[in-house]
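A quick write-up on the structure given underneath.
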Amino acid sequence: MEYSPKSVNLDLEREQAIWRTQRRLSQIDSQKLLKLKMGELSEASVSTDSDVDYDDDDEKAIIQSVENYLSNVPQDRFGFLLNEKENMGERDREILEEELSYLKEYNEILSNFDKFYWNPLGRASNRHQKRLKKLIRTCVPDHFRAELWRKLLRVEDKKLSHPDLYLYFLNKPLPDKIEYDISKDLERTFPKNTLFLDRNNMMIDQLRNVLHSVVNYDLDLGYVQGMGFITGVFLMYMSEEDAFYCMLSLLHDEPWMLRLNFLQGLPGIHRSTFVQSGIIRKFLPGLLDHMERCGGDWMMATQSMYFSLFLYNYPFTFCLRFMDMLLSEGPKMFYRVSLGLLTSRKNEIKAMDQFEMAAFLTRGIAEVDSIDEILTHGFKYSLSRKLIDRLTAEYDEANSFNPSPSPAIPDVEAMDIDIATIKL
Numbered sequence: 039m040e041y042s043p044k045s046v047n048l049d050l051e052r053e054q055a056i057w058r059t060q061r062r063l064s065q066i067d068s069q070k071l072l073k074l075k076m077g078e079l080s081e082a083s084v085s086t087d088s089d090v091d092y093d094d095d096d097e098k099a100i101i102q103s104v105e106n107y108l109s110n111v112p113q114d115r116f117g118f119l120l121n122e123k124e125n126m127g128e129r130d131r132e133i134l135e136e137e138l139s140y141l142k143e144y145n146e147i148l149s150n151f152d153k154f155y156w157n158p159l160g161r162a163s164n165r166h167q168k169r170l171k172k173l174i175r176t177c178v179p180d181h182f183r184a185e186l187w188r189k190l191l192r193v194e195d196k197k198l199s200h201p202d203l204y205l206y207f208l209n210k211p212l213p214d215k216i217e218y219d220i221s222k223d224l225e226r227t228f229p230k231n232t233l234f235l236d237r238n239n240m241m242i243d244q245l246r247n248v249l250h251s252v253v254n255y256d257l258d259l260g261y262v263q264g265m266g267f268i269t270g271v272f273l274m275y276m277s278e279e280d281a282f283y284c285m286l287s288l289l290h291d292e293p294w295m296l297r298l299n300f301l302q303g304l305p306g307i308h309r310s311t312f313v314q315s316g317i318i319r320k321f322l323p324g325l326l327d328h329m330e331r332c333g334g335d336w337m338m339a340t341q342s343m344y345f346s347l348f349l350y351n352y353p354f355t356f357c358l359r360f361m362d363m364l365l366s367e368g369p370k371m372f373y374r375v376s377l378g379l380l381t382s383r384k385n386e387i388k389a390m391d392q393f394e395m396a397a398f399l400t401r402g403i404a405e406v407d408s409i410d411e412i413l414t415h416g417f418k419y420s421l422s423r424k425l426i427d428r429l430t431a432e433y434d435e436a437n438s439f440n441p442s443p444s445p446a447i448p449d450v451e452a453m454d455i456d457i458a459t460i461k462l
């Protein structure tokens, strides 16, 4: 569907209602498509058209009951609860207007994505690739975020190469301890978002399903809380099967390899923190010296970043913009945003004592209004891959860095499993 800025109403309440309803309908269709694969439904009962009218009485009742409740609950555009002092203000309108101004351009790019795509292991080399890279750094319309993420993570390629992988791991039992850890953590994932409020709702069921399958794919990983937040964001925008393939790419594919952050002992986080400290020492040596004199543990500030991609305690729009750039440019964005965060608060940090520093690194660093200022500071530094590679190699050699590799993807088709026997 082609979106035109003129066809979209700038009424923020209307926009948030549309967002909520689209998510609910998406979750219903996600369940139907999986059941279709398992032979439980006919193709006639499944819609792949986002503009379809839902006639099923049960579905209409579900949506209506949700909307009746949510219409009386103050919340932002993404479903996060607002307190009495918060409201959908002028900044929200500015962000929405900016997004709408890019709809036509993104529609053109996503319609012919291969011309604009570059592998994040390399560089954006031609004018089409540079154009998309600049666009993603500037703004991603929420209307197109799901499609952009799926394309950047090559979800369709994975689904074609490894069909039914999600259902295979969903049907495979997990050790009781891991299953318990996942179940216990579900209600802690976005506890202030209306999509996740009820432990027994459809979104929570899908979150449980995806986490079960992701962990089943790589049991060395176990389960770590940050996985729930990252998976939850994908589920806000797409089906549980697509969310599963997004998580596989992010955890196991170069250049991201985020599984290293979740392995026992947190080897990826220790390595990234070392690299990050080296980068900060190069560009902000006096600031890092002051932080270390105050006993500042940089690991305290970075764990939220690497575990949950900032989602645990940073503003949601900040996190979405960071994810856009992380998926398009790779882990280098961690270092750029770190530089931007510290540079933007440089004078404040230099005036802190030991106790203020500890509070800042655990909570205060996340007190930001917008990612734009952070990016302005972060991108002014000439941060080269050569420097990152040198620091990474230095850490690996000093620490004999050799974590367990990702497991091979099983050939589910060769196993001759009857998908129709699998139950959600």
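All letters in the sequence shown, in the order written, are residues 39 to 462 by the numbering used here.
We put the beta carbon where it would ideally sit given N, CA and C, even for glycine.
Straight-line Cα distance separating residue j from residue i
i      : j      : result
ASP236 : ARG246 : 13 Å
ARG156 : ASP114 : Checking the sequence, you will find Trp at residue 156 rather than Arg. Roughly 34 Å separates the two Cα atoms.
MET395 : LYS418 : 25 Å
PHE182 : ILE147 : 11 Å
LEU304 : SER199 : 31 Å
ASN231 : PHE360 : 19 Å
GLU411 : LYS210 : 46 Å
ASP195 : PRO201 : 10 Å
PHE439 : THR227 : 32 Å
TYR140 : GLY266 : 31 Å
LEU484 : SER163 : No information on residue 484 is available, as it lies outside the stretch 39 to 462 that the chain covers here.
PHE393 : HIS308 : 24 Å
PRO441 : PRO448 : 21 Å
ASP391 : GLU330 : 11 Å
ASP214 : PRO443 : 24 Å
PRO445 : LEU257 : 9 Å
GLY333 : ASN239 : 44 Å
ALA397 : HIS290 : 34 Å
ASP130 : THR355 : 10 Å
MET371 : ASN121 : 32 Å
ASP327 : ILE242 : 44 Å
ASN145 : GLY378 : 30 Å
LYS320 : SER221 : 43 Å
GLU432 : LEU191 : 29 Å
GLU132 : ALA389 : 34 Å
Whether residue i touches residue j by CB criterion (8 Å)
i      : j      : result
MET285 : ILE268 : yes
LEU233 : GLY117 : yes
VAL253 : LEU205 : no
CYS357 : LEU365 : no
ASN299 : TYR344 : yes
TYR255 : ASP219 : no
LEU5   : GLU136 : Because the chain here runs from 39 to 462, residue 5 falls outside it and cannot be looked at.
SER149 : LEU208 : no
HIS166 : PHE154 : yes
GLY416 : ARG374 : yes
TYR275 : VAL193 : no
GLN314 : SER376 : yes
LEU399 : ASP335 : yes
ASP427 : VAL178 : no
Beta-carbon proximity list for residue i, same chain, < 8 Å, skipping 5 on both sides
i      : result
LEU380 : ILE318, LEU322, LEU325, ILE387
LEU159 : GLU292, PRO293, GLY368
ASN351 : SER342, ARG401, ALA404
Same chain, Cβ closer than 6 Å to residue i, five either side skipped, listed in chain order
i      : result
THR340 : THR311
GLN244 : LEU273, GLU278
GLN263 : ASP223
LYS189 : PHE151
LEU119 : GLN113, LYS230
VAL248 : THR269, GLU278, ALA281, PHE282
LYS171 : ALA162
Residues near residue i in its chain [Cβ-Cβ closer than 7 Å; skip 5 each side]
i      : result
VAL46  : A caution first: VAL46 carries a pLDDT of 40, below 50, which makes its placement in the model too unreliable to give a value.
LYS197 : TYR283
ILE216 : VAL253, GLY260, TYR261
MET338 : LEU399, THR400
SER346 : GLY264, PHE267, ILE268
ARG297 : ASP256, LEU259, LEU289, HIS290, SER444
LEU180 : In the sequence under discussion, the amino acid at residue 180 is Asp, which differs from the Leu named in the question. The answer, listed in chain order, is GLU137.
Rounded distance between the beta-carbons of residue j and residue i, thought under 8 Å
i      : j      : result
GLY316 : LEU429 : 4 Å
ARG519 : LEU413 : Since the first residue of the chain shown is 39 and the last is 462, residue 519 is not available in this structure.
VAL406 : LEU203 : No, VAL406 and LEU203 are not in contact; Cβ-Cβ is about 38 Å, not under 8 Å.
Any non-hydrogen atom of the ligand SAM closer than 7 Å to residue i Cβ
i      : result
GLY117 : In the structure shown, the ligand SAM is absent, as is every other ligand, since no ligand is present at all.
Inset, instruction - Determine contact between the stretch 422–437 and the stretch 169–186, defined as no fewer than three beta-carbon pairs at a distance below 8 Å. - result: Contact between the stretch 422–437 and the stretch 169–186 is absent, because fewer than three Cβ pairs lie under 8 Å.
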